[in-house]
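Asks:
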Amino acid sequence: MGSAVYTPGIEEIMQEFNISVTVATLPLTLFVLGYAVGPLVFSPLSENAVFGRTSIYILTLAMFVILQIPTALVHNIAGLCVLRFLAGVFASPCLATGGATVADVLTPPYIPVGLASWALGAVCGPSFGPFFGAILVTKASWRWTFWFMCILAGFSLFFLSWSFPETYGKTLLYRKAKRLRGITGNQRLISEGEIENRSMTIHEIAIDTLWRPIEIFIMEPVILMINIYIALVYSIFYLFFEVYPIFFQEIRGFTLIELGLTYFGTIIGIWIAAAIYIPIVRQVFTKRLLRGEGIQPEVFMPLAIAGSICMPIGLFIFGWSATRHTHWIGPIIGGAIFAAGGFMIFQTLFCFIAGSFQYVGSIFAGNNLFRSITAGCFPLFGRPLYNNLATKEFPVAWGASLLAFIALGMIAIPVLFYLNGPKLRARSKYALHWG
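Residue numbers (this note's numbering): 21 to 455.
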């Protein structure tokens, strides 16, 4: 929510700071770019026995809360851009490490279902942002969107600090060993995590943190294809925060609050997708694994193919039903179908990665870096894209169609994995070996 809650205030910010719409969109872009940078530092720290998950969550969330105060008081666009970037950096662990926390507390058969349940909050949050932001901008000013985030994140910090237990196994063992040393005086009681920390050099830490995600991204074709696909999905999703105001507000005359309500269509689409995805995964993955049956990671690809088909269909419906004379529900339905397909793509391809490759943490870090950079840049050219391709009768159709045709081409990726997944994995030096 923290990324998109800013968007309803863009027009007020343009007037107050006397800037263009492109410059006013920069704080959104920089917040998402912060998502890319933060995990490079905080994800490795969360897997260090000394820190663990919870301390990173609490530290970064506290910094996020503090940053909302100067953001709400800032009086120039440069300061707003810097503060939004820093807020994105400190907001990133909840997204980048949240899946790891789910994996900490669940056994392998239940991890895909648990990740899908957790992802509902992660992917629906941005769609709630424009609605709450619109209410605050309409009733007060754009500055109150940041006071709202300060209050909301402050409550979250309070409950997290008092009720959220540590989940990372190595940190739990580290703390237990430290406690036993204090009780017994036996300094030979050390945990696995302490041994790892003592044995790793700064060079090894730098390789794990910075170079390995980039190396796998560049050198592994399967990961490269997945990263490009997921980045496209993520980027188009953020592009909706530019195209929805063009059609619903500027062309159809919706109020700011009514515009915020239109994003609920994507939330409904995601929930419908989850209602389909979770029971199917329980049948084809969870129950089979519990019965001791052998499962290949390609088991997720039929759902990925279904999601990849939904995406261009949703974009075509959105673009060509968005006219001055047709009912406004058409574009919302199109957006919902796209969001449903995108949710399935995210879940299935991430599960495919987790079941196929070593160094999953590094792969996810590289994926997060690439998709956040692309998604952050897309809103900057979203409005020119749609405006330059617009016609009088179909103001957003050709812009949406261009993206839909790209999405159509991407259907080949999950089809390729479904038909040739074992062969592709056999050629990779990073792949897990299946018996």
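Note that CB positions come from ideal geometry on N, CA and C, so glycine has one too.
Given the structure is predicted, the values throughout are model-derived calculations rather than measurements.
Using the C-alpha atoms, what's the distance from GLY429 back to SER176?
Replies: Straight-line Cα distance between these residues: approximately 41 Å.
Asks: Leaving aside the five residues before and after TYR130 along the sequence, list all residues of the same chain whose C-beta is less than 8 Å from its C-beta, in chain order.
Replies: Within the same chain, TYR130 has close Cβ partners THR306.
Asks: First and last residue of the alpha helix (DSSP H) that includes SER161?
Replies: That residue, SER161, is in no alpha helix (DSSP H); it is neither H nor E in DSSP.
Asks: Would you kindly report the start and end of the unbroken alpha helix (DSSP H) that includes VAL43?
Replies: That run of the alpha helix (DSSP H) goes 41–66.
Asks: Compute the Euclidean distance between the alpha carbons of GLY145 and ASN38, then round it to the nearest angstrom.
Replies: Cα to Cα, GLY145 sits roughly 30 Å from ASN38.
Asks: Pull up the DSSP beta-bridge partners for PHE377, would you.
Replies: In DSSP, PHE377 forms a bridge with ALA451.
Asks: Once the 5 residues before and after PRO47 are set aside, which same chain residues still bring their CB inside 7 Å of it?
Replies: Result list for PRO47: TYR26, LEU100, CYS101, ARG104, in chain order.
Asks: Around the C-beta of SER23, are 16 or more other C-beta atoms found within 10 angstroms, so that it is buried, or is it exposed?
Replies: Counting Cβ neighbours within 10 Å, SER23 comes out buried, since at least 16 surround it.
Asks: Output yes or no for whether 8 Å exceeds the beta carbon distance between LEU209 and ARG201.
Replies: Yes; because the gap between Cβ atoms is below 8 Å, this pair is in contact.
Asks: Taking 8 Å as the cut-off, decide whether the C-beta atoms of PHE390 and ILE383 are in contact.
Replies: No, Cβ-Cβ distance for PHE390 and ILE383 is not below 8 Å.
Asks: With H, G and I counted as helix, E and B as strand and the rest as coil, what does DSSP make of TRP348?
Replies: Here TRP348 sits in coil by DSSP.
Asks: How many angstroms separate the CA atom of ALA69 from the CA atom of ALA342?
Replies: Between ALA69 and ALA342, the C-alpha separation is close to 53 Å.
Asks: Count the other C-beta atoms from every protein chain shown that fall within 10 angstroms of the C-beta of PRO265, then say buried if there are 16 or more, exposed otherwise.
Replies: Buried is the call here.
Asks: Taking buried to mean at least 16 other C-beta atoms within 10 Å of its own C-beta, is GLY455 buried or exposed?
Replies: With a pLDDT of only 48 at GLY455, under 50, the local geometry of the prediction cannot be trusted, and the value read off the model is given with reservation. It is exposed - the Cβ of GLY455 has fewer than 16 other Cβ atoms within 10 Å.
Asks: Go ahead and label LEU259 buried or exposed: buried means 16 or more other beta carbons lie within 10 angstroms of its beta carbon, across all protein chains shown.
Replies: Buried, by the Cβ-count rule.
Asks: Secondary structure at MET112, three-state DSSP: helix, strand or coil?
Replies: Before going further, note that residue 112 is Ser rather than Met in the sequence given. In the structure shown, SER112 sits in coil (DSSP, three-state: anything other than H, G, I, E or B).
Asks: If we call anything under 8 Å between Cβ atoms a contact, is PRO113 one with ILE76?
Replies: Going by C-beta atoms, PRO113 is nearer than 8 Å to ILE76.
Asks: Any beta-carbon of chain D closer than 8 Å to the one on SER40?
Replies: In the displayed structure, chain D is absent; only one protein chain is listed.
Asks: To the nearest angstrom, how far is it from the Cα of GLN316 to the Cα of ALA160?
Replies: Taking the straight line from one Cα to the other gives about 54 Å.
Asks: Given THR117, which residues of its chain have a CB within under 8 Å of its CB, disregarding the five upstream and five downstream residues?
Replies: Excluding residues within five positions, the ones whose Cβ falls inside 8 Å are PRO59, PHE62, SER63, SER66, ARG73, ILE76, TYR77.
Asks: Can you list, in chain order, the residues of its chain with a C-beta nearer than 7 Å to that of THR80? Leave out the 5 residues immediately preceding and following it.
Replies: These residues qualify, in order along the chain: PHE62, PHE110, PRO113.
Asks: Thinking C-alpha only, which one of ALA395, ALA82, ARG163, GLY134 is nearest ILE97?
Replies: Comparing Cα-Cα distances from ILE97 to each of ALA395, ALA82, ARG163, GLY134, the minimum goes to ARG163.
Asks: How many angstroms separate the CA atom of SER40 from the CA atom of LEU400?
Replies: Using only the alpha carbons, I get a separation of about 11 Å.
Asks: Ignore the nearest five residues each way along the sequence and tell me which others in VAL380's own chain have a CB closer than 6 Å to its CB.
Replies: Only ALA374 meet the Cβ criterion.
Asks: Compare the Cα-Cα distances from GLU240 to each of ILE30, MET21, GLY29, LYS449 and report the closest residue.
Replies: Comparing Cα-Cα distances from GLU240 to each of ILE30, MET21, GLY29, LYS449, the minimum goes to LYS449.
Asks: Leaving aside the five residues before and after VAL435 along the sequence, list all residues of the same chain whose C-beta is less than 7 Å from its C-beta, in chain order.
Replies: Excluding positions up to five away in sequence, the list reads ILE325.
Asks: Is it right to say LEU423 is buried, meaning 16 or more other beta carbons lie within 10 angstroms of its own, or is it exposed?
Replies: Under this definition LEU423 is a buried residue.
Asks: Below 6 Å CB to CB, which residues in the same chain sit around MET321 once its five sequence neighbours on both sides are set aside?
Replies: The residues are PRO434, PHE437, TYR438.
Asks: Does the structure place the stretch 277–285 close enough to the stretch 149–157 that three or more beta carbon pairs sit under 8 Å?
Replies: A contact exists between the stretch 149–157 and the stretch 277–285.
Asks: By Cβ distance, which residues of its chain are closer than 7 Å to VAL133, with the 5 residues on each side in sequence left out?
Replies: Same-chain partners within the cutoff: ILE298, VAL301, ARG302, THR306.
Asks: For the 8 Å Cβ check, are there 3 or more pairs between the stretch 339–356 and the stretch 217–227?
Replies: With a cut-off of 8 Å, the stretch 217–227 and the stretch 339–356 do not count as touching, because too few Cβ pairs lie within range.
Asks: What residue range does the alpha helix (DSSP H) around THR121 cover?
Replies: Start and end: 118–125.
Asks: For TYR55, which residues of its own chain have a beta-carbon under 6 Å away from its beta-carbon, when the five flanking residues on both sides are left out?
Replies: So the qualifying residues of the chain are GLY108, SER112, SER392.
Asks: Could you check what DSSP says for ARG403 in three-state terms: helix, strand or coil?
Replies: It is helical.
Asks: Who are the near neighbours of VAL125 in its chain, counting only those whose CB is closer than 6 Å to its CB and skipping five residues on each side?
Replies: Within the same chain, VAL125 has close Cβ partners THR187.
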